[in-house]
Amino acid sequence: MHKAMTRAELALFAENLVKTNVVYGVVAKDKQFGWDRILDHKEMVLDYPTTISSPKKYFLPPTETLIEFKLAANPDPKFVNHSQEAILFGMHACDLYATSMLDNAFEDTNKDPNYLEKRKKAILIGVSCMPDPDCFCNKMGVDDAVHNEAKISKKEALYDLFFTNIGHKYLVSIGTKRGEDLLAKYAKPAEASKAELDQLKVVEKKRVESFTSEMKQDVEQLAKLMPKTYNSSVWKEYADKCFACGTCNLVCPTCYCFNITEKVKLNLQEGSREREWDSCMLPQFAEVAGGENFREHVAERLRHRLMRKGLYIKEKFDKSGCTGCARCYRNCTADISIVEMFNRLKEVTENE
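Numbers given in the working numbering equal positions in the sequence shown, counted from 1, plus 296.
Rendered as structure tokens:
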């Protein structure tokens with residue numbers, strides 16, 4: 297189901313949302329773009345390249361208090377969950393897909409109430425984009441999962457609403473009942489005409505043809521390749537360049553590993569249990585009591601990271617652990633390309 301909105305109607309829709317809701321969106325940050333709270337709808341950008349980091353921070357904050365307690369005979373622990381109703385406006389396909397993968401992870405086995413409560417209260421509004429030279433979401437199954445209407449039912453949609461710029465107007469795809477209700481409450485868009493739907497097909501075709509990444513395998517081929525690369529010389533080759541700083545993990549929309557610490561306040565009477573993002577690229581990540589480190593060398597940690605992106609998550613959730621957003625490459629101090637690594641693994645493995 298598609299509705300059509302003029303740019304003026306879309307601006308009014310955004311203005312009405314911001315007036316009465318907590319809205320997060322994309323804003324300009326010097327020459328780059330990032331996610332922030334929107335207080336004025338005019339600050340929000342819909343036509344933007346990939347943001348510096350992903351919006352996962354609104355569901356899995358970089359640091360988060362889980363429990364507060366007293367240092368007494370009766371610690372009286374109180375579980376903390378700072379969740380609120382919110383709208384995320386302007387998510388690209390890669391971040392919508394990443395959020396669905398995180399949903400799988402935090403719903404699996406031991407359900408995470410802090411994450412799930414935040415997700416339950418969030419409305420996701422997506423927006424179409426044109427790929428930049430580094431993007432390869434088409435190879436990871438992401439583009440198809442979000443844009444291919446034939447494969448999306450209301451039950452399976454990764455968004456509540458999704459806006460596509462067709463030039464003179466935006467077409468709105470309704471993914472859920474919640475999205476439909478939101479649109480009806482804050483806007484009165486018309487049904488999309490046949491001409492507008494035809495123009496949507498033209499825009500979609502142009503987007504698909506605009507991918508220029510040199511990624512040589514898709515998500516299914518990658519999952520078959522990765523088990524063969526465990527002892528590859530490629531890991532050492534790239535480890536020699538890598539600083540093991542963990543930036544790739546911090547900007548990745550699908551990384552969800554965290555560390556737990558317990559802190560005591562200066563009054564020595566109260567404390568808290570905190571969760572904070574962790575990185576499998578850091579030396580201490582796989583270190584245990586006694587000093588044993590199961591992934592002591594950078595090559596081992598680099599291998600683990602790419603195995604999760606290309607194989608482990610695919611095996612567990614039947615989704616790619618890599619969305620093809622290329623944030624890890626853009627932010628890498630050593631200028632290491634994940635596409636180049638995957639291609640190099642393919643090349644060396646096939647010739648060994």
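Idealized CB from N, CA, C, for every residue including glycine.
Fewer than three beta-carbon pairs drawn from the region 577–590 and the region 487–506 are found closer than 8 Å, and the two stretches are therefore not classed as touching. Of the candidates 523, 514, 566, 598, the residue whose Cα lies closest to the Cα of residue 537 is 598. Burial state of residue 367 is exposed, judged by a 10 Å Cβ sphere holding fewer than 16 other Cβ atoms. Membership of residue 554 in the beta strand (DSSP E) is indicated by the continuous run 554–560. Under the 8 Å Cβ criterion, the region 345–363 does not count as touching the region 513–529, having fewer than three qualifying pairs. Per DSSP, the beta-bridge partners of residue 468 are 299, 459. If you keep only unbroken alpha helix (DSSP H) runs of at least 4 residues inside the region 539–605, you get 543–547, 594–603. Rounded to whole angstroms, the gap between the alpha carbons of residue 610 and residue 435 is 14 Å.
For residue 328, the beta-bridge partners assigned by DSSP are 325. Under the DSSP assignment, residue 384 falls in the beta strand (DSSP E) whose first and last residues are 382–387. Cβ-Cβ separation between residue 344 and residue 333: approximately 17 Å, too far for a contact (criterion under 8 Å). The C-beta of residue 534 has 16 or more other C-beta atoms within 10 Å across all chains shown, which makes the residue buried. By the neighbour-count criterion, in which a residue is buried when 16 or more other Cβ atoms sit within 10 angstroms of its Cβ, residue 351 is buried. Between residue 300 and residue 465, the C-beta gap is smaller than 9 Å, which places the two residues in contact.
The three-state reading of DSSP puts residue 619 in coil, since its state is none of H, G, I, E or B. Across the set 422, 354, 425, the C-alpha of 354 shows the shortest separation from the C-alpha of residue 381. Of the candidates 410, 387, 578, 410 places its Cα closest to the Cα of residue 570. Contact annotation, residue 512 with residue 647: C-beta distance approximately 14 Å; criterion of less than 8 Å not satisfied.
At a Cβ-Cβ threshold of 9 Å, residue 622 and residue 632 do not count as neighbours. Here the alpha carbons of residue 331 and residue 575 stand approximately 21 Å from one another. For residue 556, the closest C-alpha among the options 573, 385, 515 is that of 573. About 21 Å separates the CB atoms of residue 342 and residue 396; that is not less than 8 Å, and the two are not in contact.
In the DSSP assignment, no residue is bridged to residue 338.
For the region 503–544, the full-length alpha helix (DSSP H) segments reaching 4 residues or more read 515–521, 530–535 along the chain. Contact check between the region 417–434 and the region 613–628: three or more CB pairs, one atom from each, fall below 8 Å, which counts as touching. Contact between the region 498–514 and the region 405–423 is absent: fewer than 3 CB-CB pairs across the two stretches fall below 8 Å.
At a Cβ-Cβ threshold of 9 Å, residue 628 and residue 543 count as neighbours. For residue 366, the enclosing beta strand (DSSP E) begins and ends at 359–366.
Bridge partners of residue 375 according to DSSP: 363. Judged by DSSP in its simplified three-state form, residue 475 adopts helix. DSSP lists 382 as the beta-bridge partner residues of residue 418. In this structure, DSSP gives residue 487 an extended state, which the three-state scheme calls strand.
In the same chain as residue 595, and ignoring 5 residues on each side of it, the C-beta atoms closer than 7 Å to its own belong to 531, 532, 535, in chain order. The three-state reading of DSSP puts residue 314 in helix, counting H, G and I together. By the neighbour-count criterion, in which 16 or more other beta carbons inside 10 Å mark a residue as buried, residue 378 falls on the exposed side.
Looking at the backbone, the Cα of residue 603 and that of residue 369 are separated by about 46 Å.
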